[in-house]
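Down below is the structure, laid out as C-alpha cells.
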Amino acid sequence: MKVAIIYHSGFGHTKIVAERIAEGARKKLKDVILLDSKMAIQQPKLLLESDTLVFGSPTYFGNVSAEFKLFMESTGGAWANQLWKDKLAAGFTNSSSTNGDKLNTLTSLSIFAAQHGMLWIPLGIMPKYDSAGKQLPEPNGMASYLGLMTLSSNSHEEFFEPEDLHTAELFGQRIAELTRQLKSKSKEYTEKKNLLTTKTI
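Counting in full-length UniProt numbering, the sequence shown runs from 1 upward without gaps.
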C-alpha cells in the first residue's frame with residue numbers, strides 16, 4: 001500500500017504542510033512518498049504504483065499555482081486511459097490570507113481527481129470550540145471540509161493561527177487509514193471472487 005503526496009510550494013509553506021501530512025500518514029503506513037510537481041511529471045510510474053494520491057498547491061489568485069496546473073495537464077495520458085480510476089485522492093492548499101478563495105483551489109483539485117475517476121477523501125475533522133463557544137485554532141481552524149486549508153505569511157516559512165499543522169498530521173493519518181481499509185476490502189473481494197470462480201469451474 002502506497003500513498004504519494006504531490007505538491008508545488010512557492011515559498012516553502014506548502015512543502016511543510018505536505019511533510020506534516022506525510023508524518024501523520026507514516027503512523028499508519030510505511031510507504032509514503034513526497035514528490036514536488038516537477039518530480040511527479042518526470043516519474044509518472046510512481047503515481048501509477050500508488051494507491052492514494054494527495055494533491056497540494058498554494059492558492060494564487062484564487063486557484064492552483066501555474067506550476068501545479070502544469071502537472072495536472074501533464075496527466076492527459078493517464079486521464080485518457082483512466083489509469084488512476086478508483087484510486088483514492090485528497091487535497092490541501094495554503095495561502096497568506098484566511099480566505100483568498102482557497103475553496104476554489106480545493107474544488108479544482110477535487111474536479112481534477114473526479115475527471116480521473118478517483119474517490120475523494122474529505123478532511124473529515126470537525127472544528128472544536130472553548131466553553132464560551134469561540135472556535136479554537138486547531139483542529140480544522142479554517143473550518144474547511146472538502147480538504148485541508150492552512151494560513152501562512154508570504155515568506156520565511158511562517159504560519160499563523162489557525163495554522164492547522166497538527167490538523168495536517170491528523171489528515172495524513174485519516175488518508176492512510178482509509179487507504180488501508182479500501183485496499184484490504186479490495187483484496188478480500190478479489191480473494192472471494194477467485195474462490196467462487198474456482199468452485200464454479
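Each residue gets a CB set at the ideal place from its N, CA and C atoms; glycine is no exception. Quick caveat, the model's predicted, so the values are computed rather than measured.
Whether residue i touches residue j by CB criterion (8 Å)
i	j	result
aspartate 101	asparagine 140	no
glycine 56	leucine 106	no
arginine 20	alanine 143	no
tyrosine 145	proline 162	no
alanine 90	valine 32	no
serine 50	valine 3	yes
lysine 85	histidine 116	yes
tyrosine 129	leucine 119	no
proline 44	alanine 78	yes
Residues near residue i by beta carbon distance below 6 Å, same chain, minus five either side
i	result
phenylalanine 71	Ser37, Ala40 and Ile41
histidine 166	Glu138
asparagine 154	Ser96
Own chain partners of residue i with C-beta closer than 7 Å, once the 5 adjacent residues on each side are dropped
i	result
asparagine 104	Gly62 and Asn63
leucine 48	Leu83
glycine 10	Pro58 and Ser65
Rounded Cβ spacing between residue i and residue j (contact assumed at less than 8 Å)
i	j	result
threonine 52	lysine 15	Actually they are not in contact, since the Cβ atoms of threonine 52 and lysine 15 sit about 19 Å apart, beyond 8 Å.
leucine 46	leucine 29	About 15 Å; that fails the 8 Å criterion.
alanine 25	glycine 124	No, alanine 25 and glycine 124 are not in contact; Cβ-Cβ is about 14 Å, not under 8 Å.
asparagine 94	threonine 150	4 Å
serine 74	serine 152	At roughly 27 Å, the Cβ-Cβ gap does not stay under 8 Å, so serine 74 and serine 152 are not in contact.
residue 204	glutamate 67	Absent from the structure is residue 204, since the part of the chain shown begins at 1 and ends at 201.
Range of the contiguous beta strand (DSSP E) that encloses residue i
i	result
glycine 56	52-58
Per DSSP, the bridge partner or partners of residue i
i	result
methionine 149	Thr93
aspartate 36	Tyr7
phenylalanine 171	For phenylalanine 171, which the question treats as bridged, DSSP gives no partner whatsoever.
asparagine 63	Tyr60
phenylalanine 159	Ser152
Boundaries of the alpha helix (DSSP H) in which residue i is found, first to last residue
i	result
leucine 109	102-115
serine 74	66-74
leucine 48	44-49
lysine 15	13-25
Close beta carbons around residue i, own chain, < 8 Å, minus the five adjacent residues each side
i	result
serine 108	Asn63 and Val64
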